[in-house]
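2 protein chains.
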Amino acid sequence: MSKNSKISITVIRRLPRYYRFLLQLKKEGIMRISSRELSERMGLTASQIRQDLNCFGGFGQQGYGYDVDKLYGEIGGILGLDNSYRAVLIGVGNLGKAVTTHIKFEERGFILDAMFDREQSVVGSQLQNHTIRDISTLPEYLADNTPDAAFLCLPYDSVEPIAELLYKAGVRCFWNFSHFDLTVKYGDVIMENVHLTDSLMTLCYRMNDRDESHREEK
Amino acid sequence: MSKNSKISITVIRRLPRYYRFLLQLKKEGIMRISSRELSERMGLTASQIRQDLNCFGGFGQQGYGYDVDKLYGEIGGILGLDNSYRAVLIGVGNLGKAVTTHIKFEERGFILDAMFDREQSVVGSQLQNHTIRDISTLPEYLADNTPDAAFLCLPYDSVEPIAELLYKAGVRCFWNFSHFDLTVKYGDVIMENVHLTDSLMTLCYRMNDRDESHREEK
Numbered sequence: 000m001s002k003n004s005k006i007s008i009t010v011i012r013r014l015p016r017y018y019r020f021l022l023q024l025k026k027e028g029i030m031r032i033s034s035r036e037l038s039e040r041m042g043l044t045a046s047q048i049r050q051d052l053n054c055f056g057g058f059g060q061q062g063y064g065y066d067v068d069k070l071y072g073e074i075g076g077i078l079g080l081d082n083s084y085r086a087v088l089i090g091v092g093n094l095g096k097a098v099t100t101h102i103k104f105e106e107r108g109f110i111l112d113a114m115f116d117r118e119q120s121v122v123g124s125q126l127q128n129h130t131i132r133d134i135s136t137l138p139e140y141l142a143d144n145t146p147d148a149a150f151l152c153l154p155y156d157s158v159e160p161i162a163e164l165l166y167k168a169g170v171r172c173f174w175n176f177s178h179f180d181l182t183v184k185y186g187d188v189i190m191e192n193v194h195l196t197d198s199l200m201t202l203c204y205r206m207n208d209r210d211e212s213h214r215e216e217k
Numbered sequence: 000m001s002k003n004s005k006i007s008i009t010v011i012r013r014l015p016r017y018y019r020f021l022l023q024l025k026k027e028g029i030m031r032i033s034s035r036e037l038s039e040r041m042g043l044t045a046s047q048i049r050q051d052l053n054c055f056g057g058f059g060q061q062g063y064g065y066d067v068d069k070l071y072g073e074i075g076g077i078l079g080l081d082n083s084y085r086a087v088l089i090g091v092g093n094l095g096k097a098v099t100t101h102i103k104f105e106e107r108g109f110i111l112d113a114m115f116d117r118e119q120s121v122v123g124s125q126l127q128n129h130t131i132r133d134i135s136t137l138p139e140y141l142a143d144n145t146p147d148a149a150f151l152c153l154p155y156d157s158v159e160p161i162a163e164l165l166y167k168a169g170v171r172c173f174w175n176f177s178h179f180d181l182t183v184k185y186g187d188v189i190m191e192n193v194h195l196t197d198s199l200m201t202l203c204y205r206m207n208d209r210d211e212s213h214r215e216e217k
């Protein structure tokens, strides 16, 4: 067991948020902050914040608050953002392009090693200092390289055979934008999903639920 | 209180996933399914599934299982996907394009009414039967229209003034891809966030945690 393995995934999933807020504080030149002030900024309770950060050893000091720079560094360390995991991106449509354009992989623990697409109109073109490769050359690439992770920016129907190739080549970590659930088929993978439509449907639910409440109140 | 208001957000957030899996079953021509079979497909426990669906009145029948078509329709109804909430999309970069291209809004409870961007190179061009409008015309649009929701596909720095405009015009529901947290400033908004970098950092954490475990085992 690693030192953090017993921390619940719910707490883990809040860490990137702390990290983002702390970066914002740094940018604003704020050097230290109390859990109360941080709670107001983040919309969490101060006790929630203390409890979360205590899970990782508690970096605050009574009467002083948190040292922004130090806490930022420490959370980054816990997240493992100083890693340089090698990743391949599969699918360079609008979504793949958005991901590579907006996200600074090097600051998030990853190095993008190669990009693949099946569209002949984009194969060979440049994006973020990479030449987009033909998806048909993925097996050759995997014969010489075992990426630490694959970013799947593909539609549902295309994922299964590609995931199979990657898995057989030893890839065990996936950042998945499709609705294809790899963990059901492969028990030993680490997968983070981004399900855009799930998020939109949740928004719809919450709006509908609010409207129903209003109707009932009348 | 609406009939579903007491259901925890954790259960709500799983509903879109059921909805997607049921659609897949429909596509495969599967008419009914037991909670055990559904659990194997979804990687949840059968008792979790029964518990979740019981929250909404329990649609299963002992010895028969779930009627796929009926359950699909009922979950869609609970999610409120038969609504036609009018939405505006702000920001038609790669991310905005990906969202509008991949997501069938009409099947998710929304109608996209207008798209705005500040880039003169895209303003006036067509996307999904919409002409992309100049962001400078947003105030005019809002004088005549109150959209039910806004989809914010903008970078952090651009969100605050736009959100202010929308909020003042009466928009209370946001689908937000930026890191700007509107709920801190406006207590009465319904907001669903998609934080891509948070998801990637969580992946990094999990990979790093696995690697640390391996090192300690040696």
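Protein chains in written order, with numbering that gives the first Met the number 0: chain A, 0 to 217; chain B, 0 to 217. A virtual CB, placed ideally from N, CA and C, is assigned to each residue, including glycine. These numbers come from a predicted model, not from an experiment.
- For Tyr155/B, the enclosing alpha helix (DSSP H) stretches over residues 155-167.
- When only Cα atoms are considered, Ser33/B and Leu164/A end up about 32 Å apart.
- Residue-level contact check: Ile131/B does not touch chain A, since none of the beta carbons of chain A fall below 9 Å from its beta carbon.
- Contact check for Ile89/A against Phe115/A passes: the beta carbons are separated by less than 9 Å.
- For the options Met190/B, Gly92/B, Thr99/B, the alpha carbon positioned closest to that of Ala97/A is the one of Gly92/B.
- Distance from the CA of Val188/A to the CA of His213/B, rounded to the nearest whole angstrom, comes to 15 Å.
- Chain order gives the chain A residues near Gly108/B as Leu199, Met200, Leu202, Cys203, Tyr204, Met206, Asn207, where near means a beta carbon separation below 9 Å.
- Exposed is the label assigned to Asn53/B, since fewer than 16 other Cβ atoms lie within 10 Å of its Cβ.
- At a Cβ-Cβ threshold of 9 Å, Phe109/A and Leu151/A do not count as neighbours.
- Positions of the alpha helix (DSSP H) runs, each at least 4 residues long and wholly inside the stretch 41-70 of chain A, are given as 45-53 in order along the chain.
- Boundaries of the alpha helix (DSSP H) around Val10/B: 8-26.
- Using a Cβ-Cβ cut-off of 9 Å, Gly42/A counts as an interface residue toward chain B, since at least one Cβ of chain B sits closer than that to its own.
- The C-beta distance from Ile29/B to Val67/B rounds to 6 Å, short enough to fall under 8 Å.
- Two segments are said to touch when three or more pairs of C-beta atoms, one from each, lie closer than 8 Å; by this definition the stretch 169-185 of chain B does not touch the stretch 118-134 of chain B.
- CA-to-CA, the gap between Thr99/B and Gly79/B works out to about 20 Å.
- For Ile6/A, the closest of Leu153/B, Ile131/B, Asp208/B by C-alpha to C-alpha distance is Asp208/B.
- Using a Cβ-Cβ cut-off of 9 Å, Ala97/B counts as an interface residue toward chain A, since at least one Cβ of chain A sits closer than that to its own.
- In terms of CA proximity to Ser198/A, Arg107/B leads the group Arg107/B, Gly72/B, Gly62/B.
- Nearest to Ser135/A by C-alpha distance, out of Ser83/A, Glu36/A, Asn192/A, Arg117/A, is Arg117/A.
- When C-alpha distances from Pro146/A are compared across Asn82/B, Met206/B, Phe20/B, Gly42/B, the shortest belongs to Met206/B.
- Non-local beta-carbon contacts of Ala168/B in its own chain, meaning distances under 7 Å to residues more than five positions away in sequence, involve Leu141, Thr145 in chain order.
- Nearest to Cys203/B by C-alpha distance, out of Asn128/A, Asn82/A, Ser157/A, Ile161/A, is Asn82/A.
- When C-alpha distances from Val170/A are compared across Ile161/A, Asp51/A, Phe176/A, the shortest belongs to Ile161/A.
- Using a Cβ-Cβ cut-off of 9 Å, Thr145/A does not count as an interface residue toward chain B, since no Cβ of chain B sits closer than that to its own.
- In the three-state scheme derived from DSSP, where H, G and I count as helix and E and B as strand, His213/B is classed as helix.
- Taking a C-beta distance under 9 Å as the contact criterion, Pro138/B and Met200/A do not qualify as a contact pair.
- The residue among Lys103/B, Asp156/B, Phe173/B with its C-alpha nearest the C-alpha of Lys26/A is Asp156/B.
- Within the stretch 78-97 of chain A, the residues whose Cβ lies closer than 8 Å to some Cβ of chain B are Leu78, Gly79, Leu80, Asn82, Tyr84, Gly92, Asn93, Leu94, Lys96, Ala97, listed in chain order.
- Here Thr130/A carries a strand assignment [DSSP, helix/strand/coil].
- Against chain A, the CB of Asp68/B has no partner CB under 9 Å away; the residue lies outside that interface.
- Taking C-beta atoms as the reference points, Leu37/B and Tyr71/B fail to come closer than 9 Å.
- Residues of chain B whose Cβ lies closer than 7 Å to the Cβ of Arg12/A are, in chain order, Thr201.
- Contact annotation: Met41/A and Tyr63/A have beta-carbon atoms that are not nearer than 9 Å.
- Cβ-Cβ distances below 8 Å link Arg35/B to Ala45 in the same chain, with the five nearest sequence neighbours on each side left out; the list follows chain order.
- For Phe150/A, the pairing in a beta bridge is given by DSSP as Leu88/A, Trp174/A.
- Secondary structure note for Leu111/A: its beta strand (DSSP E) is the uninterrupted segment 109-116.
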